[in-house]
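Letter 263 of the sequence shown, counting from 1, is numbered 262 in numbering that gives the first Met the number 0, and no numbers are missing.
Glycine included, C-beta positions come from ideal geometry on N, C-alpha and C.
Here is the structure we will look at.
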Amino acid sequence: MTTDNGTERGWVLGLMSGTSLDGVDAALIETDGERVYAFGPHATLDYSSADRTVLKAAVQDALAWNFTGAEPASFGAAEALLTRAHAQAVAHLLALPDCPRPRLIGFHGQTVLHRPPQAGHFGATRQLGDGAALAKALGLPVAYDFRSADVAAGGQGAPLAPLYHAALLASSPWDSACVVNLGGVANVTLWRRDDPPLAFDCGPANGPVDQWVEAQGRGNYDRDGALSATGAPDEARIKAILSQDFFAATPPKSLDRYAFTAALAEGLNPADGAATLVHLAAAGVARALAFADQRPERLILCGGGRRNPTMRRAIAARTNIPTLVAEECGWRGDAIEAEAFALLAQRVRRGLPLSLPTTTGVPVPLPGGRLAFPPDNANQSSAAPPFA
Numbered sequence: 000m001t002t003d004n005g006t007e008r009g010w011v012l013g014l015m016s017g018t019s020l021d022g023v024d025a026a027l028i029e030t031d032g033e034r035v036y037a038f039g040p041h042a043t044l045d046y047s048s049a050d051r052t053v054l055k056a057a058v059q060d061a062l063a064w065n066f067t068g069a070e071p072a073s074f075g076a077a078e079a080l081l082t083r084a085h086a087q088a089v090a091h092l093l094a095l096p097d098c099p100r101p102r103l104i105g106f107h108g109q110t111v112l113h114r115p116p117q118a119g120h121f122g123a124t125r126q127l128g129d130g131a132a133l134a135k136a137l138g139l140p141v142a143y144d145f146r147s148a149d150v151a152a153g154g155q156g157a158p159l160a161p162l163y164h165a166a167l168l169a170s171s172p173w174d175s176a177c178v179v180n181l182g183g184v185a186n187v188t189l190w191r192r193d194d195p196p197l198a199f200d201c202g203p204a205n206g207p208v209d210q211w212v213e214a215q216g217r218g219n220y221d222r223d224g225a226l227s228a229t230g231a232p233d234e235a236r237i238k239a240i241l242s243q244d245f246f247a248a249t250p251p252k253s254l255d256r257y258a259f260t261a262a263l264a265e266g267l268n269p270a271d272g273a274a275t276l277v278h279l280a281a282a283g284v285a286r287a288l289a290f291a292d293q294r295p296e297r298l299i300l301c302g303g304g305r306r307n308p309t310m311r312r313a314i315a316a317r318t319n320i321p322t323l324v325a326e327e328c329g330w331r332g333d334a335i336e337a338e339a340f341a342l343l344a345q346r347v348r349r350g351l352p353l354s355l356p357t358t359t360g361v362p363v364p365l366p367g368g369r370l371a372f373p374p375d376n377a378n379q380s381s382a383a384p385p386f387a
């Protein structure tokens with residue numbers, strides 16, 4: 000369907016819950032699935048400590064399950080909790096003054112396990128989240144299950160944000176750039192104007208650092224890079240880790256959040272361990288640039304790791320490329336992933352590809368995702384069909 004002016008554009012609300020299990024990011028953009036025309040409000044609704052405990056248990060059960068046998072019983076409670084939390088995040092955002100009314104929701108859900116494809120074997124991925132229940136709760140259509148079609152076609156299933164990065168970079172002053180998303184793992188989008196983006200996971204990022212800091216009783220993450228800034232990275236250990244096959248493998252490639260853990264710093268003191276894991280993330284980014292056809296003009300840091308000054312400095316030093324954080328480009332660093340799933344939701348609705356051979360290794364540009372619609376009844380008369 001189209002809007003009154005004959006275009007495919009409209010307001011879409013994207014939702015993202017990352018592997019850090021901090022909370023639900025929600026963001027509104029006006030998009031046609033190819034371009035971004037306007038930015039609406041964004042917000043984060045933190046999980047309670049009790050909710051986080053339930054979600055962490057589901058993740059641990061997923062690791063033990065490893066796609067073998069029946070799914071863990073804990074998935075049911077975790078999925079119901081997640082869906083409620085996402086509905087609450089939408090309600091919170093829509094209650095803000097002058098918030099546009101979306102016609103579509105993009106609901107990524109919570110990744111609890113991701114297994115990349117291996118030689119001769121397809122991968123597997125599991126995101127918790129009930130799209131139909133969310134559509135019913137909100138009275139709005141919901142696009143969800145963004146990764147399954149890609150994995151079923153032999154793709155990596157990740158990363159999916161590069162098409163959004165490319166949409167943002169289209170209006171930049173550069174002809175080439177690299178977007179570095181520093182979440183639980185690090186992934187890069189190598190972008191050149193007029194070419195499809197090349198994107199892949201390139202190594203660990205915040206995941207092992209957070210795990211290490213928490214194990215030392217220093218909080219949930221390396222706040223302001225304070226602990227890592229006082230330590231010295233173990234360069235010999237970093238070099239040994241970088242010799243693993245993953246780093247030399249030709250992209251596209253992807254990682255599970257727990258493919259690299261805090262055990263990589265075992266035996267080091269708290270500060271040196273944190274510094275080693277932070278510099279490992281930076282070294283993985285530097286190694287990834289070897290796959291670029293040309294040296295990017297800028298690095299743009301997104302994700303939670305952009306807030307870690309030690310990680311920022313390490314990336315800039317190890318790549319020797321001018322490095323910016325998202326906000327320095329006029330982007331909303333805390334909202335980018337949620338915004339990405341708003342744009343992807345619009346692509347689901349239009350049947351446009353979500354992944355490319357250069358982003359996930361899928362054989363051809365591939366549509367994906369599923370759409371759930373609210374039941375038609377008088378109690379949901381406020382729900383409008385997408386862009387009617």
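Checklist entry - chain D beta carbons: is any one of them nearer than 8 Å to that of Leu342? => result Although the question refers to chain D, the structure presented lacks it and comprises just one protein chain.
Checklist entry - Is Arg331 helix, strand or coil when you go by DSSP? => result By 1-based counting over the sequence shown, the position of residue 331 is 332. Under the three-state reduction of DSSP, Arg331 is assigned to coil, being neither helix nor strand.
Next on the checklist: Only counting the same chain, and skipping five residues up and downstream in sequence, which positions put a Cβ closer than 6 Å to that of Gln98?
Outcome noted: For the purposes of this step, residue 98 is identified with residue 99 of the sequence shown, where counting begins at 1. According to the sequence provided, residue 98 is Cys. The question's Gln does not apply to it. Taking C-beta separations shorter than 6 Å and ignoring five residues to either side along the sequence, the partners of Cys98 in its chain run Pro40, following chain order.
Next on the checklist: Output needed for Arg192: all residues of its chain with C-beta closer than 6 Å, excluding positions within five of it in sequence on either side, in chain order.
Outcome noted: Reading the sequence shown from its first residue, position 193 is the one you call residue 192. Excluding sequence neighbours, Arg192 sits near Asp174.
Checklist entry - Based on the DSSP output, what are the partners of Phe106 in its beta bridges? => result Within the sequence shown, the letter at position 107 stands for residue 106. Answer is Leu14 and Tyr143, bridged to Phe106.
Item to check | Ser253 - containing beta strand (DSSP E), residue span | outcome: To locate residue 253, count along the sequence shown from 1; it is residue 254. Ser253 -> no beta strand (DSSP E), and no H or E assigned at all.
Next on the checklist: According to DSSP, is Tyr163 part of a helix, a strand, or is it coil?
Outcome noted: Looking up residue 163 in the sequence shown gives position 164. Helix, per DSSP.
Next on the checklist: For Ser175, report the span of its beta strand (DSSP E) as first-last.
Outcome noted: As a working mapping, residue 175 is identified with position 176 in the sequence shown. Counting along the chain, Ser175 sits inside the beta strand (DSSP E) bounded by residues Ser175 to Leu181.
Checklist entry - Taking the alpha helix (DSSP H) that Arg286 falls in, what are its first and last residues? => result As a working note, residue 286 is residue 287 in the sequence shown. Unbroken alpha helix (DSSP H) run through Arg286: Pro269 to Ala287.
Item to check | Per-residue DSSP class, three states only, for Asp60 | outcome: As a first step, residue 60 must be located in the sequence shown, where it is residue number 61. Of the three classes helix, strand and coil, the one that applies to Asp60 here is helix, per DSSP.
Next on the checklist: So the candidates are His113, Ile314, Leu62 and Ser253; which of them puts its Cα closest to the Cα of Val277?
Outcome noted: As a working mapping, residue 277 is identified with position 278 in the sequence shown. Nearest of His113, Ile314, Leu62 and Ser253 to Val277, Cα basis: Ile314.
Item to check | Per DSSP, the bridge partner or partners of Asn186 | outcome: By 1-based counting over the sequence shown, the position of residue 186 is 187. According to DSSP, which records beta bridges pairwise, Asn186 is partnered with Asn180 and Asp200.
Checklist entry - Where DSSP assigns a beta bridge to Thr43, which residues make up the other side? => result As a position in the sequence shown, residue 43 is number 44, starting the count at 1. Answer is Asp24, bridged to Thr43.
Checklist entry - Should Phe199 be labelled buried (16 or more other beta-carbon atoms within 10 Å of its own) or exposed? => result For the purposes of this step, residue 199 is taken as residue 200 along the sequence shown, with counting starting at 1. Phe199 should be labelled buried.
Next on the checklist: Quick check: the Cα distance between Gly32 and Cys177, rounded to an integer number of angstroms?
Outcome noted: The sequence position of residue 32 within the sequence shown is 33, counting from 1. The sequence position of residue 177 within the sequence shown is 178, counting from 1. Between Gly32 and Cys177, the C-alpha separation is close to 21 Å.
Checklist entry - What do you reckon, are the CB atoms on Glu234 and Gly17 nearer than 8 Å? => result The residue you call residue 234 lines up with position 235 of the sequence shown. The residue you call residue 17 lines up with position 18 of the sequence shown. Their beta carbons are not under 8 Å apart, which means Glu234 does not touch Gly17 by this criterion.
Item to check | Touch test, the region 100-115 against the region 126-145, Cβ-Cβ under 8 Å, three pairs minimum | outcome: Contact annotation: the region 100-115 touches the region 126-145, with at least three C-beta pairs closer than 8 Å.
Item to check | Spatially closest choice to Asn205 from Ala339, Leu112, Asn219 and Leu353, by CA coordinates | outcome: For the purposes of this step, residue 205 is identified with residue 206 of the sequence shown, where counting begins at 1. Residue Asn219 is the option with its Cα nearest to Asn205.
Item to check | Alpha carbon of Arg305 to alpha carbon of Asp223, nearest angstrom | outcome: Locating residue 305 in the sequence shown gives position 306, counting from the first residue. Locating residue 223 in the sequence shown gives position 224, counting from the first residue. Approximately 10 Å, taken between the alpha carbons.
Item to check | Given Gly130 as reference, the closest of Pro161, Glu78, Tyr163 and Pro96 once Cα atoms are compared | outcome: Stepping through the sequence shown from its first residue, residue 130 is reached at position 131. Of Pro161, Glu78, Tyr163 and Pro96, the residue nearest in Cα terms is Glu78.
Checklist entry - What separation, rounded to the nearest whole angstrom, lies between the Cα atoms of Glu7 and Gln345? => result Numbered from its first residue, the sequence shown carries residue 7 at position 8. Numbered from its first residue, the sequence shown carries residue 345 at position 346. Going by C-alpha positions, Glu7 is about 9 Å away from Gln345.
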